[in-house]
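Chains as they are written, first to last, in the numbering used here: chain A, 1439 to 1856; chain B, 7 to 415.
Structure representation (C-alpha cells):
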C-alpha cells in the first residue's frame, strides 16, 4: 500500500492511501473523544454531543447540512466508542473536497441549537428505553456493572446514563465539545480513488481553523479487577432466547502484549469457525447460533468478552463448555495447529480487507490513532506471525482466568440450577 | 457463469446463487431451504466436516451463506491465489454434500436458536406477521426460516431430496469477481462446474397471488419491546418489471440510500425522515423496495417515539406516500436522489464482494442481465417515473398495515 502522511499545524494527522482504478473514497476521522475521555460522572455526554454535531452548524442549519451531504450522495455516520468518536464516510473521489468541508463544518462549527439538542436528547432517551427490552443490550449493561467500578469510563455503554442524557443542556454540550473535540490526537485517514495531494490540500482547507479548546481534563481511572466469579441474571419479559456476555477486563491497545492477546482471542473464541469455542459450542454441540468473542482496543481495559445467543435451557452448558475450552488453553493444552489457524486467519483477513476503500482505511486507522509507528501496516502481520504458543497460554493465564470471570445473562427465566 | 475483473486488490470473490428459497416450499416444510443451507457446511466425502471451515479461515476469507424467499446463496472472498481452492470447495458441495441424520439433528438446535434469536426482535415478529397477512396464496407468505415446529419436524431424507433436486449447475448462477483476467476466472469455473451433472429442470412454483380487494391489518402485542413500530407494505412489482428502477429511486426519495439509526448522517434529506424523525414522531424510518422474482412488497417501517400514537404516524406516512404519488419530486430533491443512487452504485462497485453480490442479485431475480444495464436503467429514471411508480403501488387495495404494540411487562 502506498501510504502518505501529513500533519496540519493544529496537530491533525492525515494519512492518504490512493488506490488507482476506484471511483470512491472512504474517509475515517477518529477524534480522541470516546468514553475514555468523558468527564467523571457524565457517561453519555460524548455520544449526545456527537449526535448534536450532526444537527446543524453555525453556517448551515440541520436541513441545509443534510441537503448538502445527500447532494453529493455521500454515506456518513458518527459513532462514539470506547476510545474515539469516529466520523466514517464515503463519497465519490471527485466530491472529496465537499465531503471534507461538510465533515469539518459539523466537527468544528456545530451550532447546538436548543431545539436540535432537544431532538437528539429525546431520540437517545427513546433508544435507552428500547435497549432496556433488548436482551443483548441488557446483558452488555449488566456485564459492565459487574466488571467496572463506579467512576470507570467503561461502566456504562457508550449510549450513556439516562439521568446524564436528560440533564445535559446545550451549554453542557458546547463545553464538552470545546474540550474534547480537538485536533490534537485526531487522525484523518482517506483511502480510494484520490491522490495524496488532493487529500492533504482538501483537509488543510477544511480543518485549518480547528483548534483545541484548552487542555484536556485529566481523569484518574480506577483499575478493573475480578477477584472471583461474578454473575447476574436479568429477566426480560416476552423473550425466547437468552443473550449471554461472559468476560474479563482487557488490556490497553498500547500494551506490548496486545498483539499476542489478539491472537489468543482468535484461538479462544473470536471466530465461530476458526476458534475453539465456536467449534465446540456451535458446531459440535449445537448450543448456539452465534458465539464469538471480541477484544476492544483503547487506552484502558476495554471489555474482553464472549457473546452468545442461547436457549435458556442450554445457558449453563454453553457457559461451562466455554470455560472448559478456556481452561484447556490456560493449562497449556493448546496446539501449534490452533495457533497457526488463528494466525493464518488474522493475517489473511488483512489481505481480504484490501478489497474495499473502507477496508483499507480501517486497516490503517488503528496504527495511526495509537501511534504504533509509520511501518505499522507492514510490521503488524509479522508481529501476528511471531506470537508463540507460550505467549498465548501466558496471556490466558494473566487476563482470562476461568475462575475469575463476569457472567451476565439477559432473557427469559432460566431453569432451576442443580 | 459470469466473471468480472476487479484489479484494485489481490482478492477474488465467488458466489453461487441457487434458485431455491422460501418460495419453493409448501406448508409443512417451510424453512427447508434455509435448513439445507446450514447442512452444506457439514462436509462431503472429499472434504469432511471442518475442512471447508478451516481452509477458508486459514485464508482469512470473508465467507458465509444466506437464504431468502427466492434464492440460497454461498460466497467466499479470498486472497486471489486461493480462489481455485474455494472454487473446488463450492463445486464439490454442489452435488456431494453429506447430509447425515446425526448432523441434521445437531444442526436443528442451532437453527431453532437462530429462530429464537430473531423472535427476540419485535421488528422481525411484526415483519413475519405482515408478510403472512399480505399474501394469501403465494409462498412469500411463509417467509424463510420456517416455524419452530416445522424446523423440529424436518427430516434428513426430506432435506436430502430437496438438495438433490435443487442443487445442480442448471439451477444456479455462478459469479466470480476479482484480481484475474475474466477469461481465466471463467475457464477455471468451467473446469470446476463443467463435469457436474444437470438435474431435471425445475418448474417455478405456480401459486400466483390473487388480487387484493382492500387494506389488511395486523397487530402484534408483546412486552418484549419498548417502542411502538409500524410497518406498511404495499404490493409491488417483481424485479423484472420495467418500474423496478423507479421504485428503487422511490425508496431513496422516501428514506435515503443508507439506513442506520441516530448515528447515520446521510439520508436525512429524504421525505419520510423529514416528516417523522425531524418532527420528533419517530426515532428511525426506512423504506425498501426489494428486487424479487415475483411481485412482493414495498415496505415502510418506522419506530415511534414513546407516547406517539400509531394512528398519528400511520396518517403521516400515508399522507407522504400520497403526496409523492401525486406530484413529481422537485428538481433539487430529484438531483439528490440521483446522486445518492450514483454514489451507492460506485461504493458497491468499488468493493469486490458487493460488486459480485449485486451482479448475482440482478441475474437471479431477473432485474437485469448486467451491472451496466441496471445502472443505465437507474440513470434513465425521471422524476415523473418515480411519481408514476409511486402512484401505481401506493394504493389502498394493495396495502397491509402492521402495528407492534408494546405491552406492559
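Yeah, the Cβ is synthetic: ideal placement off N, Cα and C, and Gly gets one too.
- In this structure, 1518/A is the residue among 1518/A, 1459/A, 1757/A with its C-alpha nearest to the C-alpha of residue 1736/A.
- Secondary structure note for residue 1797/A: it is in no beta strand (DSSP E), and the uninterrupted alpha helix (DSSP H) holding it is 1795–1807.
- The contact set of residue 1793/A on chain B, defined by CB atoms closer than 7 angstroms, consists of 15, 17, 83, 357, 358, 359 in chain order.
- For residue 158/B, the enclosing alpha helix (DSSP H) covers residues 154–159.
- The three-state secondary structure of residue 298/B, taken from DSSP, is coil.
- Secondary structure at residue 1719/A: helix, using DSSP grouped into helix, strand and coil.
- As DSSP reads the structure, residue 180/B sits in a beta bridge with 22/B.
- Its chain contains 1550 as the residues whose beta carbon lies nearer than 6 angstroms to that of residue 1612/A, once the 5 sequence neighbours on both sides are disregarded; these appear in chain order.
- Rounded to the nearest whole angstrom, the CA to CA distance from residue 1731/A to residue 1651/A is 38 angstroms.
- Bounds of the beta strand (DSSP E) holding residue 80/B are 78–85.
- Burial state of residue 1588/A is exposed, judged by a 10 Å Cβ sphere holding fewer than 16 other Cβ atoms.
- When C-beta atoms of the segment 113–130 of chain B are compared with those of the segment 173–188 of chain B, fewer than three pairs fall below 8 angstroms, so the two segments do not count as touching.
- Remark: C-beta atoms of residue 89/B and residue 182/B approach each other more closely than 9 angstroms.
- Taking 9 angstroms as the threshold, the shortest C-beta distance from residue 1515/A to chain B falls below it.
- In terms of beta-carbon proximity, residue 284/B lines the interface with chain A, with at least one pair separated by less than 9 angstroms.
- Between residue 1717/A and chain B, the shortest Cβ-Cβ separation is below 9 angstroms.
- In the DSSP assignment, residue 1784/A falls within the unbroken alpha helix (DSSP H) covering 1774–1791.
- For residue 1759/A, the CB contacts under 8 angstroms within the same chain, skipping 5 residues up- and downstream, are 1715, 1718, 1719, 1723, 1725 in chain order.
- Spanning the alpha carbons of residue 1794/A and residue 1555/A requires a straight line of approximately 35 angstroms.
- Residue 59/B reaches chain A at 1711, counting residues in chain order whose Cβ is nearer than 7 angstroms.
- In this structure, residue 31/B keeps its C-beta atom at 9 angstroms or more from the C-beta atom of residue 137/B.
- Against chain A, the beta carbon of residue 312/B has neighbours under 7 angstroms at 1564, 1567, listed in chain order.
- Bridge partners of residue 407/B according to DSSP: 223/B, 238/B.
- Judged by DSSP secondary structure, residue 256/B falls within the alpha helix (DSSP H) whose first and last residues are 250–261.
- The three-state secondary structure of residue 366/B, taken from DSSP, is helix.
- Residues of the same chain with a CB within less than 7 angstroms of the CB of residue 176/B, apart from the 5 flanking positions on each side, are 204, 205, 207 in chain order.
- At a C-beta separation below 7 angstroms, residue 252/B has no neighbours in chain A, since its nearest C-beta there lies roughly 18 angstroms away.
- The shortest CA-to-CA distance from residue 1752/A to any of 1653/A, 1803/A, 1513/A, 1847/A is the one to 1847/A.
- Neighbours of residue 1457/A in chain B, taken as residues at a C-beta separation under 9 angstroms, are given in chain order as 14, 15, 356.
- DSSP lists 1683/A, 1730/A as the beta-bridge partner residues of residue 1745/A.
- Interface annotation for the segment 1744–1760 of chain A against chain B: 1747, 1748, 1749, criterion Cβ-Cβ distance under 7 angstroms.
- A check of alpha carbon separations from residue 256/B across 349/B, 295/B, 152/B identifies 295/B as the nearest.
- Listed along the chain, the chain A residues whose CB falls inside 9 angstroms of the CB of residue 348/B are 1511, 1530.
- When Cβ-Cβ separations below 9 angstroms define contact, residue 1633/A makes no contact with chain B.
- Taking 7 angstroms as the cut-off between beta carbons, none of the residues of the segment 150–173 of chain B comes near chain A.
- Within the same chain, Cβ atoms closer than 6 angstroms to the Cβ of residue 1698/A are found at 1825, 1829, 1833, the five residues on either side in sequence being excluded.
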